[in-house]
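Each residue of the sequence shown is one higher than the one before, counting from 1 in UniProt numbering. Everything on this sheet refers to the single structure shown next.
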Amino acid sequence: MTTPPENPTPDESPSSDQRPLTMLIAYDGSPQARRAMEYAARLLRPRHVEILTAWEPLHRTAARASSMSGMHQADWVAGAEADDPAYSRARDTCRAGVELAESMGLQARAHMVESATAIWSAIVDAAQELRPDVIVTGTKAVTGIRSLWQTSTADNVVHNAGIPVFIVPPEIEEDRGTEA
């Protein structure tokens, strides 16, 4: 068995015969997602990134909202994805994520996934399919009483992904709301 050199050069690195580090970046266009991408690019130095934007069809969002209010939801005939404003917004967000990654010198590929249940589940499912080395996500850092009814996407990804997750917290001065 050989021992790796103390300070390997890029050619002597133990991982040089392996594929380059690939990251799956959960990107929703928020300041937290941008910050996560910036830190991951700087600290993890990947070559390839998979930009993932999860989206929920408008009819599903409306149905969930009306069921919470006790109102009857009218029947909705889902048309083409391109006709759904939620899809169009998600597509634009994903493109912006790819442009941001490329502006940082990363090779980026765009992926959109329709969320059938929860965003964290869509991220985990995409990770199982794309097989990245690490998932990158920002967090809104919800704490206190709000955390009792508002689950954290990042926490759920950590507990269900089965691969490393790089979580970048929001800046301290970002508004986190009242924490009672």
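For each residue, glycine too, the CB sits at the ideal point set by N, CA and C.
C-beta atoms of residue i and residue j nearer than 9 Å
| i | j | result |
| --- | --- | --- |
| residue 181 | residue 54 | For residue 181 there is no data in the structure shown, the boundaries of the chain being 1 and 180. |
| residue 26 | residue 117 | no |
| residue 138 | residue 93 | no |
| residue 46 | residue 22 | yes |
| residue 100 | residue 37 | yes |
| residue 48 | residue 85 | no |
Nonlocal neighbours in the same chain, by C-beta distance under 7 Å from residue i, ignoring five residues either side
| i | result |
| --- | --- |
| residue 124 | 157, 160, 161 |
| residue 181 | Look at the range of the chain in this structure, 1 to 180, and you will see that residue 181 is not part of it. |
| residue 41 | 104, 106 |
In DSSP terms, what residue i is bridged to
| i | result |
| --- | --- |
| residue 114 | 55 |
| residue 137 | 167 |
| residue 37 | DSSP, once it has assigned bridges, lists no residue as partnering residue 37. |
| residue 25 | 51, 136 |
| residue 109 | 50 |
Close-in-space but distant-in-sequence residues of the same chain around residue i (CB under 8 Å, 5 per side omitted)
| i | result |
| --- | --- |
| residue 132 | 22, 23, 24, 50, 163 |
| residue 98 | 51, 108, 109, 110 |
| residue 186 | As shown, the chain starts at 1 and ends at 180. That puts residue 186 outside it, with no answer to give. |
| residue 71 | Low local confidence applies: a pLDDT of 49 at residue 71 is under 50, so the model's placement there is unreliable, and no value is given. |
| residue 115 | 54, 55, 56, 121, 122 |
Cutoff 9 Å: residue i Cβ touching any chain C Cβ
| i | result |
| --- | --- |
| residue 21 | Checking the listed chains, one finds no chain C in this structure; it contains a single protein chain. |
Close-in-space but distant-in-sequence residues of the same chain around residue i (CB under 6 Å, 5 per side omitted)
| i | result |
| --- | --- |
| residue 39 | 168 |
| residue 44 | none |
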